[in-house]
Amino acid sequence: MDMRKSIIIIHYGEIALKGKNRGMFEKRLHKNISQALTDVGCGSEIRRVNGRFLLSLPDEWSDVSYRQLVLRRLRDIPGITYFGVGFEVSRSLDEIIDGVIILMKDVPAGSFKVDTRRSDKGFPLTSPEVNQQVGQAVVDRYSLPVNLNDPDTVIRIEIAYTGVYIFCSRYRGIGGLPVGISGRIVSMISAGFDSPVASYLMMKRGARVYFAHFHSYPYVSRNSIDQVHALVKRLSDFQHDAVCYMIPIAEIQKKIIAVAPSQYRVLLYRRAMVRLSERIAERHKCEALVTGESLGQVASQTLRNIHVVDESAAIPIIRPLIGMDKEEIISLARNIGTESISAKPYDDCCSFLMPRQVETWGSIKDIIEIESTIDADEEYESAIQNAEKLIVTNNYMKETAHQS
């Protein structure tokens, strides 16, 4: 075995608790990692061993930009708890020490400690004994101080039945579940802070997310469309690819405005968007919708109005942000890289002919009566027929107009 060949040791957390279904979750995570890395030449170099994945890296690993790309891709994969770059060595103390000495050569000077985890109890030395002998070898070679409480570097040694894995740098992953294991949903995405964060949280829980964005162009600017392009491109990093429909609803809004009292317009817009999203859900065999609504954040998000909107849906509407405030949502947006995109000004579709006052305590009976007077079947069909379809795969973006 070439001890100098770099590998990445990938760990998962929640998946390990899945009992008899664990293998299914592991296979999905394996597939997702492979897909994320195929275009950079190492998607086939991953194998599952003893509750972890090992990724063998090609010669390109010595290139800094290549290394950063691989690490960035791994950090964005739901299901990975943490990973480290190091070596796989045989079950020999001498080879473990040699591997650690090589790893420490590139580590900045400072204090250290050795942390050994021995799942294979047949290994002749206990974890404390390995810690002591490896630590002494590092002190002898580099004259570094040992600090067991707050070290600058932790040398991690994992002794498994299949081999020994050693690494120093540990990178945090997203955690959660691998995308695709929990089914498919459609996110009703806007250009704001909330719905991109809600979409991310559903990906983290293992759902594959399709997107539907509603706009009133050309009656308002294209800002929201352009921002959603950028948001979907970023969110696609978490599930390898993404599909988004840019759906024009101005003509439906005109039908609503012609007959509905102004205070009910926003609720009627929302119900129309739910019905159109369900058409996208049916097309892609999705089982739920997701929105970025937070209880009481705006007038249309009172408990009564949420009930009014839900009544129009034939499938569940999931609201992962329902109990969060704006600061919490923006903090999450900052962490996942969508905040700077969402912070730009844009024209929301609901701002088209926005009423002065919005009903905060809507009546389902009144809404249904109003909808019975609106003949918008042609407008609904036209909205779907004229939707632009955006496809993103590994940051490659393709847009096709007028998808039936």
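Numbering (this note's numbering), first residue to last: 62 to 465. Every residue, glycine too, gets a C-beta built ideally from N, C-alpha and C.
Whose CA, out of Arg395, Arg133, Val335 and Asp436, lies closest to the CA of histidine 274?
As a first step, residue 274 is located in the sequence shown; it is residue number 213 there, counting from the start. Of Arg395, Arg133, Val335 and Asp436, the residue nearest in Cα terms is Val335.
Does DSSP put threonine 399 in a helix, in a strand, or in coil?
The count along the sequence shown starts at 1 and reaches residue 399 at position 338. In this structure, threonine 399 counts as coil in the three-state DSSP scheme.
Going by DSSP in three states, isoleucine 76 sits in which element: helix, strand or coil?
To locate residue 76, count along the sequence shown from 1; it is residue 15. Three-state DSSP puts isoleucine 76 in a helix.
From the DSSP output, read off the bridge partner residues of threonine 214.
Residue numbering aside, residue 214 sits at position 153 when the sequence shown is read from its first letter. Looking at the DSSP assignment, threonine 214 forms a beta bridge with Phe173.
Candidates Ile70, Asp287 and Pro139, of which the one nearest glutamine 300 by Cα:
Translated into positions along the sequence shown, residue 300 becomes position 239. Answer by Cα proximity: Pro139.
I'd like the span of the alpha helix (DSSP H) that includes methionine 85, first residue to last.
For the purposes of this step, residue 85 is taken as the residue at position 24 of the sequence shown. Methionine 85 -> alpha helix (DSSP H) spans 83 to 98.
Quick one, are the C-beta atoms of cysteine 347 and valine 191 less than 8 Å apart?
Here residue 347 corresponds to residue number 286 of the sequence shown, with the count starting at 1. Here residue 191 corresponds to residue number 130 of the sequence shown, with the count starting at 1. Note that the C-beta distance between cysteine 347 and valine 191 is not below 8 Å.
Run the CB neighbour count on isoleucine 157, radius 10 Å, all protein chains shown included, and call it buried at 16 or more, exposed below.
For this step, residue 157 is matched to residue 96 along the sequence shown. That one is buried.
Taking only the alpha-carbon atoms, compute the straight-line gap between serine 338 and alanine 448 and give it to the nearest angstrom.
Here the question's residue 338 lines up with position 277 in the sequence shown. Here the question's residue 448 lines up with position 387 in the sequence shown. When rounded, the separation of the alpha-carbon atoms in serine 338 and alanine 448 is 12 Å.
C-beta contact flag for arginine 332 and glycine 423 at 8 Å:
Translated into positions along the sequence shown, residue 332 becomes position 271. Translated into positions along the sequence shown, residue 423 becomes position 362. In this structure, glycine 423 does not lie closer than 8 Å to arginine 332 by Cβ.
Skipping 5 residues on each side, what residues in its chain have a beta carbon closer than 7 Å to that of tyrosine 269?
Numbered from 1 along the sequence shown, position 208 holds the residue referred to as residue 269. According to the sequence provided, residue 269 is arginine. The question's tyrosine does not apply to it. The beta carbon of arginine 269 is closer than 7 Å to those of Val240, Gly241, Arg245 and Gln300 in its chain, skipping five residues each way along the sequence.
Give the straight-line distance between the Cα atoms of valine 101 and proline 322, rounded to the nearest whole angstrom.
Translated into the one-based positions of the sequence shown, residue 101 becomes position 40. Translated into the one-based positions of the sequence shown, residue 322 becomes position 261. Looking at the two C-alpha atoms, the distance is approximately 56 Å.
Mark aspartate 155 as exposed unless 16 or more other C-beta atoms lie within 10 angstroms of its C-beta, in which case mark it buried.
In the sequence shown, the residue the question calls residue 155 occupies position 94. It counts as exposed.
If you measure between the beta carbons of glutamate 372 and isoleucine 425, is that distance less than 8 Å?
In the sequence shown, residue 372 corresponds to position 311, counting from 1. In the sequence shown, residue 425 corresponds to position 364, counting from 1. Contact flag set, yes.
Would you kindly report the start and end of the unbroken alpha helix (DSSP H) that includes leucine 467?
For residue 467 there is no data in the structure shown, the boundaries of the chain being 62 and 465.
Rounded to a whole number of angstroms, what is the C-alpha to C-alpha distance between proline 119 and cysteine 103?
For the purposes of this step, residue 119 is taken as residue 58 along the sequence shown, with counting starting at 1. For the purposes of this step, residue 103 is taken as residue 42 along the sequence shown, with counting starting at 1. Their backbone Cα atoms lie some 7 Å apart in a straight line.
Same chain, Cβ closer than 7 Å to serine 243, neighbours up to 5 away in sequence not counted
As a first step, residue 243 must be located in the sequence shown, where it is residue number 182. So the qualifying residues of the chain are Arg266, Gly267 and Ala268.
Hey, which unbroken runs of the beta strand (DSSP E) at 3 residues or more fall wholly within the region 84 to 168?
For the region 84 to 168, the full-length beta strand (DSSP E) segments reaching 3 residues or more read 107 to 110, 113 to 117 and 143 to 150 along the chain.
Under the three-state reduction of DSSP, which class applies to isoleucine 71: helix, strand or coil?
Working through the sequence shown from its first residue, we reach residue 71 at position 10. DSSP places isoleucine 71 in the strand class (E or B) of the three-state scheme.
Report yes if the C-beta distance between phenylalanine 144 and glycine 234 is below 8 Å; otherwise report no.
Along the sequence shown, one-based indexing puts residue 144 at 83. Along the sequence shown, one-based indexing puts residue 234 at 173. With a cutoff of 8 Å on beta-carbon distance, phenylalanine 144 and glycine 234 are scored as near each other.
Mapping DSSP to helix, strand and coil, what is glutamate 389?
Within the sequence shown, numbered from 1, the residue matching residue 389 stands at position 328. Collapsing the DSSP output to three states places glutamate 389 in a helix.
Could you name the residues of the same chain whose beta carbon sits closer than 8 Å to that of glycine 384, not counting the 5 residues immediately before and after it, in chain order?
Indexing the sequence shown from 1 puts residue 384 at position 323. Excluding positions up to five away in sequence, the list reads Ser355 and Leu356.
Since methionine 263 and isoleucine 390 are thought to touch, with beta carbons under 8 Å apart, how far apart are those beta carbons, to the nearest angstrom?
On the sequence shown, position 202 is the one that residue 263 refers to. On the sequence shown, position 329 is the one that residue 390 refers to. 14 Å between Cβ atoms; not a contact.
Give me the Cα-Cα distance between glutamate 106 and arginine 113, rounded to the nearest whole angstrom.
For the purposes of this step, residue 106 is taken as residue 45 along the sequence shown, with counting starting at 1. For the purposes of this step, residue 113 is taken as residue 52 along the sequence shown, with counting starting at 1. Distance between the alpha carbons of glutamate 106 and arginine 113: 14 Å.
If I measure Cβ to Cβ from phenylalanine 148 and keep anything under 8 Å in the same chain, skipping five residues before and after, which residues do I get?
Your numbering for residue 148 matches position 87 in the sequence shown. The residues are Met64, Arg65, Lys66, Ser67, Ile68, Gly160, Ile163, Leu164, Tyr226, Ile227 and Phe228.
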